[in-house]
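Below is one structure, written out as structure tokens; comments come after it.
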Amino acid sequence: MTIAERIMARRTLAGTGRSGVCKAMAVALLLSTPLGLHAKVETPAVYEPVAPTIDQARANILIARQLQFTHFRDLGISDELSGDVFDAYLDYLDGQRIYLSQDDIAKFDKIRTQLGSALKTGQLQPGFDIYNLVQQRIIERLQFALAIIDNGIDSLDFSANESILVDRSEADWEADAKALDELWVKRIKNAVLAQRLNGADDEAIVETLRRRYEGQLKRAYQARSEDAFQAYMNAFTGMWDPHTSYFSPRTSENFNINMSLSLEGIGAVLQSDNEYTKVVRLVPGGPASKQGQLEPADRIVSVAQEGEKPVNVIGWRLDEVVDLIRGPRNSTVTLEVIPANASDETITETIAIKRDEVKLEEQSASKDTIRIERGGKEYTIGVITIPTFYADFQAMQAGDPNYKSTTRDVRNLIAELEAEGVDGLVMDLRNNGGGALHEANDLVGLFIDKGPTVQIRNANNDVQVLNDEDPSVAYDGPLVVLTNRMSASASEIFAGAIQDYGRGLVVGSQTFGKGTVQAVRPLNHGQLKITQSKFYRVSGGSTQHKGVIPDIEIPSRIDKTRIGEDALDHALPWDQIEAVPHTRYFDFSGIIDELRKRHEERFSTNPEFSLLQQEIDFLTKQRATDSVSLNLEERRAEHEQIERTRLTIANARRELKGQPPFDSLEALEDWQDQQAADLDSTDEELDFVIREGGHIMADMLDLDNRMASILDPQQFAAQAPASAVTR
1 MTIAERIMAR
11 RTLAGTGRSG
21 VCKAMAVALL
31 LSTPLGLHAK
41 VETPAVYEPV
51 APTIDQARAN
61 ILIARQLQFT
71 HFRDLGISDE
81 LSGDVFDAYL
91 DYLDGQRIYL
101 SQDDIAKFDK
111 IRTQLGSALK
121 TGQLQPGFDI
131 YNLVQQRIIE
141 RLQFALAIID
151 NGIDSLDFSA
161 NESILVDRSE
171 ADWEADAKAL
181 DELWVKRIKN
191 AVLAQRLNGA
201 DDEAIVETLR
211 RRYEGQLKRA
221 YQARSEDAFQ
231 AYMNAFTGMW
241 DPHTSYFSPR
251 TSENFNINMS
261 LSLEGIGAVL
271 QSDNEYTKVV
281 RLVPGGPASK
291 QGQLEPADRI
301 VSVAQEGEKP
311 VNVIGWRLDE
321 VVDLIRGPRN
331 STVTLEVIPA
341 NASDETITET
351 IAIKRDEVKL
361 EEQSASKDTI
371 RIERGGKEYT
381 IGVITIPTFY
391 ADFQAMQAGD
401 PNYKSTTRDV
411 RNLIAELEAE
421 GVDGLVMDLR
431 NNGGGALHEA
441 NDLVGLFIDK
451 GPTVQIRNAN
461 NDVQVLNDED
471 PSVAYDGPLV
481 VLTNRMSASA
491 SEIFAGAIQD
501 YGRGLVVGSQ
511 TFGKGTVQAV
521 RPLNHGQLKI
531 TQSKFYRVSG
541 GSTQHKGVIP
551 DIEIPSRIDK
561 TRIGEDALDH
571 ALPWDQIEAV
581 PHTRYFDFSG
591 IIDELRKRHE
601 ERFSTNPEFS
611 LLQQEIDFLT
621 KQRATDSVSL
631 NLEERRAEHE
641 QIERTRLTIA
651 NARRELKGQP
661 PFDSLEALED
671 WQDQQAADLD
681 STDEELDFVI
691 REGGHIMADM
701 LDLDNRMASI
711 LDPQQFAAQA
721 PASAVTR
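Residue numbers (the UniProt record's numbering): 1 to 727.
Right under this line is the structure:
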């Protein structure tokens, strides 16, 4: 008899009658713990159901009004929306479908279509009923898991031909409690297998799993009314778009001091992702960015302070995870994360980051040069890297004539590069998540005579056009702009404008697609961040959802299915409005095919690109894995194959640099840890994507000497009419 069957037998003897969402948990816990298996965590005897407050009801009514009358998307609160809110709420509370069963879902059939009308009038009890049931089921499941661990993981069978889904977000709900028991036995087997294969002994595995489940259990018992309200409101507001959300009073406080943790933190923007805390992006120049191991879409499992045991944060509130990560400058915080490219959630890695302030000068634009030979001629190409669009607002308001800003710094860097005699310029906006809008506008102005840079449309269809009014041009030569999936917002405005003006070529991968503007509005209880307008290019197309499509594409390791606007539920769609009159400085149609051909020929023989493609293929295969084996021998073979592939790619890269290969994956990981710990280590040469940008620049000059300057009379003769609509 399996462990799950023993539990079911116990349930049958004791009886399984349950009534009401808020039934005392003493009964539920008794029924989910088999004879002889006792979880040792000290917890309350019952779960105390949470209830809505009058302030929350009033805030709910205000939120409903704001959404219907001031959001950019015109969306009414209907029966159809009610069902969508219901589904989104369950996804928020049980996104992997591991706590609730079909039996549980059936209990709420009647209210599924009634949530809309209730949300209009501040009737919150239906949402709280759902929340309370989920908390009860979480407690039951965690007690079940702890009971299995107490029974001994050596009793688990790893010889059967079993497997488990890696991602259950699209799976059917399990039929009943018995089916969930079987699923949870598999989940624990999966966790044990993964840790055994990573070298952990059973004692360490038991300690890790017990700490994880006890921590989650403790959080479940500590559920507050505000937790239910925030989860319910975010399921509701998320129907309009993913950037509209409710902040509780506590979360509002964190938002107002910037969730980037840039003040004595690690410099990472975080958000809730079901029961996990997910890394959205890294702050340029911040400790996490410089340390180099933490990546966007990583999910945080635990947080440890110096000299202390890790604290499991699965199921924690975002504001509490933020508080745990913050700390004194120069102290170290250690994060255990599920890497973005992990094949399943049992695979984690540990990252130690020294806390520090994010200094403005460390986010500043910087320059370099590369030399490219083409047809017997050597070209010097300037490279300017812009990590973010910044401006020292305090110094600006204080009247400091030398205040720092992106545009000012780039203007100075251009002057220095031109003094060095550069033939072309590559602007690197990869991983630039945006920043000050006026800086994007001003930066475009450094490269054009004058004219519009971006259009902003509000919910009333009123369109505001931002313009560069300065006729001076800081740089009139050929231009390449590098982008990737993490280039967002202001970066997309700049890249889109350069593309629309025919001022330069965009090279890299499709950008993020964040083309909306939010405002934070106070409520009687907390705040509402609401999308109120949308960005459009001067050619009329929005940057929303689609982002900027490069003229010449270079593939990226970043998983587009997880990162980007089009990966988010209910994202506002791409659309277009009328173009505004703008100059077209150069028509690339005559040379673009040849540029792409030369680029592809170079990459077909480029060993670094070949390695990148191998890595992308490997990661794509890992991401496509929908299940993993629970058979020890099969799983070991899969694990060893993955390790061999990682080591092969790493050693091929070492060989390119003339460095000795690693003899094991452990040696590779030790080296990676050493590199990450050395914040002053830098590559001896610029990466191959920047160098390819330089090669494309040299090709442009080789194919058409009119590219030398937009101020060349021939160039102006090739302009499109001022009213031309591009792309």
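We put the CB at the ideal spot given by N, CA and C, even for glycine.
Just so it is clear, the structure is predicted and the values come from calculations on it, not from any experiment.
By the beta-carbon neighbour count (other beta carbons within 10 angstroms, threshold 16), Gly265 is buried. A Cβ-Cβ contact shorter than 8 Å links Ala145 with Tyr213.
If you draw a 10 Å sphere on the C-beta of Leu656, you find fewer than 16 other C-beta atoms in it, and that means exposed. Collapsing the DSSP output to three states places Leu217 in a helix. Within the stretch 541–610, the complete alpha helix (DSSP H) segments of 4 residues or longer fall at 592–605, listed in chain order. A distance below 7 Å between beta-carbons, with the five flanking residues on each side excluded, links Ser489 to the following residues of its chain, in chain order: Gly433, Gly434, Lys514. Within the stretch 470–524, the complete beta strand (DSSP E) runs of at least 3 residues fall at 479–483, 505–508, 516–522.
Beta-bridge partners assigned by DSSP to Ala304: Thr334.
Of Leu701, Thr277, Ser405, the smallest CA-CA separation from Gly375 is found for Leu701. In the DSSP annotation of this structure, the continuous segment of the alpha helix (DSSP H) that includes Thr237 starts and ends at 225–237. Setting aside the 5 residues that flank it on each side, Leu193 is surrounded in the same chain by Phe158, Thr346, Leu630, Leu632, Arg635, each with a C-beta closer than 8 Å to its C-beta; the list follows chain order. Counting along the chain, the unbroken alpha helix (DSSP H) around Asn412 starts and ends at 406–419.
Within the DSSP bridge table, the entry for Arg112 names no partner. For the 8 Å CB-CB criterion, Gln544 and Leu572 form a contact.
Scanning Leu505, Gly508, Val538, Ile493 for the CA closest to the CA of Val517 turns up Ile493. Gly127 sits in a helix when the DSSP states are folded into three classes.
Secondary structure note for Glu373: it is in no alpha helix (DSSP H), and the uninterrupted beta strand (DSSP E) holding it is 366–374.
The beta carbons of Pro452 and Val548 sit about 17 Å from each other, so the pair does not count as a contact at 8 Å. Taking a C-beta distance under 8 Å as the contact criterion, Ser604 and Pro555 do not qualify as a contact pair. Scanning its chain for C-beta atoms nearer than 8 Å, with the 5 sequence neighbours on each side dropped, one finds around Lys186 the residues Glu162, Ile164, Leu630, in chain order. Counting C-beta atoms within 10 angstroms of its own C-beta, Phe236 has 16 or more neighbours from the protein chains shown and is therefore classed as buried. The C-alpha of Lys120 is placed about 6 Å away from the C-alpha of Ile61. By the beta-carbon neighbour count (other beta carbons within 10 angstroms, threshold 16), Ile498 is buried. Taking 8 Å as the upper bound for CB-CB distance, Ala391 and Glu336 are not in contact here, some 36 Å apart. In the three-state reduction of the DSSP assignment, Ser82 falls in the helix class, which pools H, G and I.
With 16 or more other Cβ atoms inside 10 Å of its own Cβ, Asn484 counts as buried.
Within 10 angstroms of the beta-carbon of Gln641 lie fewer than 16 other beta-carbons, which makes it exposed. Assigned with DSSP and collapsed to three states, Gly445 falls in helix.
Contact between Asp468 and Val444 holds: their C-beta atoms lie close to 6 Å from each other, under 8 Å. A Cβ-Cβ contact shorter than 8 Å links Gln455 with Tyr536. In this structure, the beta-carbon distance from Asp84 to Met239 falls below 8 Å. For Leu528, the uninterrupted beta strand (DSSP E) run begins and ends at 527–536, by DSSP.
Here the alpha carbons of Arg596 and Asp500 stand approximately 19 Å from one another. Residues of the same chain with a CB within less than 7 Å of the CB of Pro287, apart from the 5 flanking positions on each side, are Ile266, Gly267, Ile353, Lys354, Arg355, Asp356 in chain order.
If you compare the alpha carbons of Asp241, Val507, Asp551, Leu294 with that of Lys534, the shortest gap goes to Asp241.
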